[in-house]
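As given, the protein sequences belong to chains G and C, one line each in that order.
Using full-length UniProt numbering, the letters of the first sequence map in sequence onto residues 1 to 346.
Using full-length UniProt numbering, the letters of the second sequence map in sequence onto residues 1 to 346.
The beta carbon of each residue, even a glycine, is placed where N, CA and C say it ideally should be.
To start, the structure under review is shown below, and the notes come after it.
Protein chains: 2
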Amino acid sequence: MARERVTVVDIARAAGVSKSTVSLVLQGSPLVNEVTRAKVNAAIRDLGYVYNRGAANLRQAKSKIIGIVVNDLTNSFFAELAVGVDSVVQSAGFVQFLANTGEKSERQREVIASMREHGVSGLIISPARGTVAADLAPLVESGIPVVLVVRDITGAGVSSLTSDNQAGAVAAVRHLIERGHRRIAFLGGFPDTAVFQARMCGYRDALDEAGLGSADELVIGSAPSRAGGVAAIEQAMMLKERPTAALCFNDAVAFGVCDGLRARRLEPGADFAVIGFDDVIEAKTAVPALTTVSVDPQGMGERAAELLLKQINIGRPEPEAIISPVRLVVRQSCGAATGRRVKEVS
Amino acid sequence: MARERVTVVDIARAAGVSKSTVSLVLQGSPLVNEVTRAKVNAAIRDLGYVYNRGAANLRQAKSKIIGIVVNDLTNSFFAELAVGVDSVVQSAGFVQFLANTGEKSERQREVIASMREHGVSGLIISPARGTVAADLAPLVESGIPVVLVVRDITGAGVSSLTSDNQAGAVAAVRHLIERGHRRIAFLGGFPDTAVFQARMCGYRDALDEAGLGSADELVIGSAPSRAGGVAAIEQAMMLKERPTAALCFNDAVAFGVCDGLRARRLEPGADFAVIGFDDVIEAKTAVPALTTVSVDPQGMGERAAELLLKQINIGRPEPEAIISPVRLVVRQSCGAATGRRVKEVS
DNA sequence: TGACGAAATTGGAACGTTCCAATTATGAAG
DNA sequence: CTTCATAATTGGAACGTTCCAATTTCGTCA
Numbered sequence: 001m002a003r004e005r006v007t008v009v010d011i012a013r014a015a016g017v018s019k020s021t022v023s024l025v026l027q028g029s030p031l032v033n034e035v036t037r038a039k040v041n042a043a044i045r046d047l048g049y050v051y052n053r054g055a056a057n058l059r060q061a062k063s064k065i066i067g068i069v070v071n072d073l074t075n076s077f078f079a080e081l082a083v084g085v086d087s088v089v090q091s092a093g094f095v096q097f098l099a100n101t102g103e104k105s106e107r108q109r110e111v112i113a114s115m116r117e118h119g120v121s122g123l124i125i126s127p128a129r130g131t132v133a134a135d136l137a138p139l140v141e142s143g144i145p146v147v148l149v150v151r152d153i154t155g156a157g158v159s160s161l162t163s164d165n166q167a168g169a170v171a172a173v174r175h176l177i178e179r180g181h182r183r184i185a186f187l188g189g190f191p192d193t194a195v196f197q198a199r200m201c202g203y204r205d206a207l208d209e210a211g212l213g214s215a216d217e218l219v220i221g222s223a224p225s226r227a228g229g230v231a232a233i234e235q236a237m238m239l240k241e242r243p244t245a246a247l248c249f250n251d252a253v254a255f256g257v258c259d260g261l262r263a264r265r266l267e268p269g270a271d272f273a274v275i276g277f278d279d280v281i282e283a284k285t286a287v288p289a290l291t292t293v294s295v296d297p298q299g300m301g302e303r304a305a306e307l308l309l310k311q312i313n314i315g316r317p318e319p320e321a322i323i324s325p326v327r328l329v330v331r332q333s334c335g336a337a338t339g340r341r342v343k344e345v346s
Numbered sequence: 001m002a003r004e005r006v007t008v009v010d011i012a013r014a015a016g017v018s019k020s021t022v023s024l025v026l027q028g029s030p031l032v033n034e035v036t037r038a039k040v041n042a043a044i045r046d047l048g049y050v051y052n053r054g055a056a057n058l059r060q061a062k063s064k065i066i067g068i069v070v071n072d073l074t075n076s077f078f079a080e081l082a083v084g085v086d087s088v089v090q091s092a093g094f095v096q097f098l099a100n101t102g103e104k105s106e107r108q109r110e111v112i113a114s115m116r117e118h119g120v121s122g123l124i125i126s127p128a129r130g131t132v133a134a135d136l137a138p139l140v141e142s143g144i145p146v147v148l149v150v151r152d153i154t155g156a157g158v159s160s161l162t163s164d165n166q167a168g169a170v171a172a173v174r175h176l177i178e179r180g181h182r183r184i185a186f187l188g189g190f191p192d193t194a195v196f197q198a199r200m201c202g203y204r205d206a207l208d209e210a211g212l213g214s215a216d217e218l219v220i221g222s223a224p225s226r227a228g229g230v231a232a233i234e235q236a237m238m239l240k241e242r243p244t245a246a247l248c249f250n251d252a253v254a255f256g257v258c259d260g261l262r263a264r265r266l267e268p269g270a271d272f273a274v275i276g277f278d279d280v281i282e283a284k285t286a287v288p289a290l291t292t293v294s295v296d297p298q299g300m301g302e303r304a305a306e307l308l309l310k311q312i313n314i315g316r317p318e319p320e321a322i323i324s325p326v327r328l329v330v331r332q333s334c335g336a337a338t339g340r341r342v343k344e345v346s
């Protein structure tokens, strides 16, 4: 069944033209006569020709492949980010190489190398934990457009697209304070990441602004996962003076916090206010619906892809650092009455 | 900064050998002398050479790329499936092209075509809803190894890897019956899919086996999502004779059912038994932990990848249809006491 | 020293496309 | 019927690798 590959010269022979003409038809050139074009297209259909993009790339040295590497695909935030990227990249006629590093920088090195070997014309990277500028140096020196997303890396010298973590946290904590909370915890996340630091800064700022000092014991790190959220809230509830509300590192942690609360017969929203971060798809449909700082992962993927495509098209632009605005979406889990409110933040 | 591409002949010149020798080094041939190899490797490092896999593919006509197309990447079941595939494919020295169809068969057609143009040497497909054998015909005729995963398509003539949906449903419903439930619903999923039919058959079989006829009103379809679960349980609770337990189409539906139950002040596990299907990562950590039929998405991805690699290596094997066993993981949401039990099913 | 087999190296053709410069066909104007 | 411009078409080189067959180098043994 595996018959010989059919190539442009087969088509050319079948259509009674030269391979150059076939090539012209393939790339939709206006130079070719309508009737010739029709003949060629017929031959293409009849022989079941499939275009060999590899050969074309070899000649043109530009590939229509973009790579995206994420640090944790099982986290739905990143899955959504990837589909956002995919949607714009596809409609620009590119195709997406996706790799998952699982937070391992060794794997990250491998997949980036592999993508370069395949001649990707641009790369969107959500770096694994602990990635430093030097890791990316060979890549950026090669002149391939790169955009960092979610996590920025100082000194990398490439474009980045992050969300306004600090402003988001400020808005969330202000909202909790307005609702009368005085003892507010910050739960979950790895403290050695820039995203954690930014969100925690916002948390501290809002507290300071209201004249509520922040107690260190109320900042409790953990894995940024559902299980981590359960652990963090348990630790928080062991405190002598318990908090009555929490801003969580992300939605996964927030769900875990809700779980942990229920395990202690406390109802999130009614007995304890919880706010998440990210606004993943399930946030809206959970019970109680999660109040959260929306960063719109899919939209972020789209914007990152647009940024990358822009860089691919014009030659070698200034790297830009875009900070994407963020908004607080008030739902039930923070004890809000009923009506849904949305606050634009930055 | 975007300097000239460095090629094997540059390396050859720098190392004082021929391009053929460089090529030999590149593919780790034992034919080349140790000291020559060292010289070449040094030159490769010095010049910052990056291998051009496209050019190599052109010559060898086999590509080290495998494609995976899934119907809904935002569903964590498929995200996990993809990371399972990725892990084995990577360690076999392949790289993964991932595309998301969002259940749209038009998009599916496009991405499959694009993958063929890039010369993938095999394809793992979780087909979009409504895909029929004819859609896949040109692909399978071309002789590219294909394995269908999750959803089989009758008459496609390619290998498939599905889970034993029917046996899983039987085990789940038997368990509910053992625990004294008599009115058991089947909630969620699109009735026009084979997976739905298989799971519902199992549900009916177990009911019949116990002499409990199944009432049609207790089978309630919906979107296979969290929101769909909320809708389905609402409908179920409108019935004159309410069910006391439900087998859900998948875990997402099950979570939605739990949400809907709580919205009516019923505690899943205590007041109503719910069992899911798939065993996604969050099932274990949810509160209450979800009793579910585990299909191990990541493991399934791994097995699919192994199956595909096997087909790529040997030339043209018989298509096999593998039905992957499934097991009931008893946690809290079905009202089980405390101890965790696992039942092997098939 | 010469011969010989093994080990190492090499030049050139090939893979399927695109691009360039060159050629041929077409038609309008003189 | 020439001449020219324009529209279509074309052959061949090039892209960066691998593979084959051929060649060179080397060590060993007679």
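Any C-beta of chain G under 9 Å from that of residue i
i              : result
I124 (chain C) : no
M237 (chain C) : no
N100 (chain C) : yes
C258 (chain C) : yes
V287 (chain C) : yes
V253 (chain C) : no
A128 (chain C) : no
E241 (chain C) : no
Under 7 Å from the C-beta of residue i: neighbouring residues of chain G
i              : result
S281 (chain C) : Inspection of the sequence shows that residue 281 (chain C) is occupied by Ile rather than by Ser. Those are T74, listed as they occur along chain G.
V83 (chain C)  : L73, T74 and N100
A263 (chain C) : V287
A55 (chain C)  : L58
D296 (chain C) : Under the 7 Å cutoff, chain G gives no residues; its nearest Cβ is about 13 Å from D296 (chain C).
Proximal residues of chain C, C-beta to C-beta of residue i below 7 Å
i              : result
S114 (chain G) : V95
Cross-chain neighbours of residue i in chain C, by beta carbon under 8 Å
i              : result
N52 (chain G)  : L58, E117 and G119
D271 (chain G) : Those within 8 Å of D271 (chain G) in chain C number zero; the least Cβ separation is about 14 Å.
Neighbour flag for residue i against chain C, beta carbons, 9 Å
i              : result
S159 (chain G) : no
S63 (chain G)  : yes
P138 (chain G) : yes
S225 (chain G) : yes
S333 (chain G) : no
E318 (chain G) : no
E110 (chain G) : yes
Buried/exposed call for residue i, threshold 16 Cβ in 10 Å
i                     : result
P297 (chain C)        : buried
residue 378 (chain G) : What is shown of chain G runs 1 to 346, which leaves residue 378 (chain G) out entirely.
N75 (chain G)         : buried
D271 (chain G)        : exposed
residue 350 (chain G) : Chain G is shown from 1 up to 346; residue 350 (chain G) falls before or after that span and cannot be answered.
A133 (chain C)        : exposed
L307 (chain G)        : buried
N33 (chain G)         : exposed
A321 (chain G)        : exposed
L31 (chain C)         : exposed
E80 (chain C)         : buried
N313 (chain G)        : exposed
Under 9 Å from the C-beta of residue i: neighbouring residues of chain G
i              : result
E80 (chain C)  : L73 and T74
D164 (chain C) : Per Cβ cutoff of 9 Å: no residues; D164 (chain C) is ~24 Å from chain G at best.
Interface partners of residue i on chain C, CB under 9 Å
i              : result
V230 (chain G) : T285 and V287
G48 (chain G)  : P138, E141 and S142
Spell out a yes or no on whether the segment 259 to 268 of chain G and the segment 45 to 60 of chain G are touching, meaning 3 or more CB-CB pairs, one atom from each, closer than 8 Å.
no
Mind pulling the alpha helix (DSSP H) runs of 4 or more residues that sit fully within the segment 248 to 287 of chain G?
251 to 263 and 281 to 285
Do the segment 217 to 237 of chain C and the segment 144 to 164 of chain C make contact, defined as three or more Cβ pairs closer than 8 Å?
no
Specify whether the segment 273 to 288 of chain C and the segment 55 to 66 of chain C touch according to this definition: at least 3 beta carbon pairs, one from each stretch, less than 8 Å apart.
Counting Cβ pairs under 8 Å, fewer than three are found: no touch.
Length-filtered (4 minimum) alpha helix (DSSP H) runs lying within the segment 200 to 248 of chain G
226 to 237
Are there three or more Cβ pairs, one per stretch, closer than 8 Å when the segment 127 to 146 of chain G is compared with the segment 167 to 174 of chain G?
no
Counting only runs that start and end within the segment 118 to 147 of chain C, where is the alpha helix (DSSP H) found for 4 or more residues in a row?
133 to 141
What are the start and end residues of each continuous beta strand (DSSP E) run of 3 or more residues lying completely inside the segment 40 to 104 of chain C, in chain order?
As far as the segment 40 to 104 of chain C is concerned, its whole beta strand (DSSP E) runs of at least 3 residues are 65 to 70 and 95 to 100.
Uninterrupted beta strand (DSSP E) stretches inside the segment 148 to 188 of chain G (no shorter than 3 residues)
159 to 163 and 184 to 187
Do the segment 8 to 17 of chain C and the segment 35 to 45 of chain C make contact, defined as three or more Cβ pairs closer than 8 Å?
The way I'd put it, the segment 8 to 17 of chain C does touch the segment 35 to 45 of chain C; three or more beta-carbon pairs between them come closer than 8 Å.
Would the segment 180 to 191 of chain G and the segment 224 to 239 of chain G be scored as touching if the rule is three or more Cβ pairs under 8 Å?
yes
Is it true that the segment 329 to 336 of chain G meets the segment 289 to 296 of chain G, where meeting means three or more beta-carbon pairs spaced less than 8 Å apart?
Contact between the segment 329 to 336 of chain G and the segment 289 to 296 of chain G is present: 3 or more CB-CB pairs across the two stretches fall below 8 Å.
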